[in-house]
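These notes are about the structure you will find just below.
In this note's numbering, the protein residues as written are 6 to 319.
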């Protein structure tokens, strides 16, 4: 009986020592870690830790890496940049498109974007192919850099007429009589329709159409509108138009060579349709072919510069 008791006592002591050894080994291998339980598959891991925070308690169990990771302040997130939209300027750019693609009247449209919000201005030359200063000046303007807004330039609106040096080609209608003459009307030709549509597509605010007359408008014997600015009436258009005319006339001493300020472009013209039916602030700027080409170019470019400068674009 004594021998049996000794055996039982030996087994009890051995078992206790084994349990104690296992406990000490587990404690050393997990020193400093929060106690966790392995979750069943598909269940979220529950971290058993105190509800308060101590400086040493800066870890958490990562289910992705199956390790402990350092805590970060989840309340602090990096600022995100807004995604660009059609209404958000995204940087200066120059784009070239063609109007009336695939036809003999195909012509280039230049879209100059500043990358900053601002007015949309369209400058047109070459509606009449024999009015040299208009399309020559517009060719220069297409290379402008602007400080805000968007500048559309159509240097050779009637490219075939420009190439032939005529007002309009044989069998063709005068382009500046092809635009709508009523609010519900349509332009007459594909080219005029696409030019008119461009005004609507880009929400053009201002239109300058560069032309030339064969004589000075201030001469009583002349029916020409050379040396004039003809605008569709609005208070803001008149203000800029007056500024342009006054600037031109300040350097002209001969009275009949001075610029005239006139209203209401001809019906069927681009400027008239844009102002009357689209609400665009529009005008035609006419130099006189009796002056030298360099003088006429200077007038056209100065007028364009004053317009853009008045709008804070140049």
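A virtual CB, placed ideally from N, CA and C, is assigned to each residue, including glycine.
- Straight-line measurement puts the Cα of residue 297 at about 15 Å from the Cα of residue 256.
- 245 is the residue among 99, 105, 245, 124 whose C-alpha sits nearest the C-alpha of residue 312.
- Between the alpha carbons of residue 188 and residue 282 lies a distance of about 5 Å.
- Note: residue 236 is bridge-paired with 268, 288 in the DSSP secondary-structure output.
- In the DSSP assignment, residue 118 falls within the beta strand (DSSP E) that extends over 112 to 118.
- In the displayed model, residue 159 falls within a strand according to three-state DSSP.
- If you draw a 10 Å sphere on the C-beta of residue 272, you find fewer than 16 other C-beta atoms in it, and that means exposed.
- Residue 234 counts as buried, since no fewer than 16 other beta carbons sit within 10 angstroms of its beta carbon.
- Around the beta carbon of residue 100, fewer than 16 other beta carbons lie within 10 angstroms, which makes this residue exposed.
- Contact between the segment 139 to 148 and the segment 220 to 235 is absent: fewer than three C-beta pairs spanning the two stretches fall below 8 Å.
- According to the DSSP assignment, residue 129 belongs to the beta strand (DSSP E) that extends over 125 to 129.
- Classified as exposed, residue 202 has fewer than 16 neighbouring CB atoms from the shown chains inside 10 Å of its CB.
- The shortest CA-to-CA distance from residue 103 to any of 125, 275, 163, 135 is the one to 163.
- Assigned with DSSP and collapsed to three states, residue 248 falls in helix.
- By the Cβ neighbour-count rule, residue 305 is buried, with 16 or more other Cβ atoms within 10 Å of its own.
- Per DSSP, the beta bridge partners of residue 214 are 129, 289.
- The three-state reading of DSSP puts residue 189 in coil, since its state is none of H, G, I, E or B.
- Residues of the same chain with a CB within less than 7 Å of the CB of residue 108, apart from the 5 flanking positions on each side, are 195 in chain order.
- With respect to the 8 Å criterion, residue 120 and residue 96 are classified as neighbours on the basis of their beta carbons.
- Note that the C-beta distance between residue 302 and residue 141 is below 8 Å.
- Taking C-beta atoms under 8 Å as the contact rule, residue 264 and residue 285 fail to qualify, at a distance of about 22 Å.
- Here residue 191 is exposed: its Cβ has fewer than 16 other Cβ atoms, across all protein chains shown, within 10 Å.
- Cα atoms of residue 177 and residue 186: separation of roughly 19 Å, rounded to the nearest angstrom.
- When DSSP states are grouped into helix, strand and coil, residue 177 belongs to the coil group.
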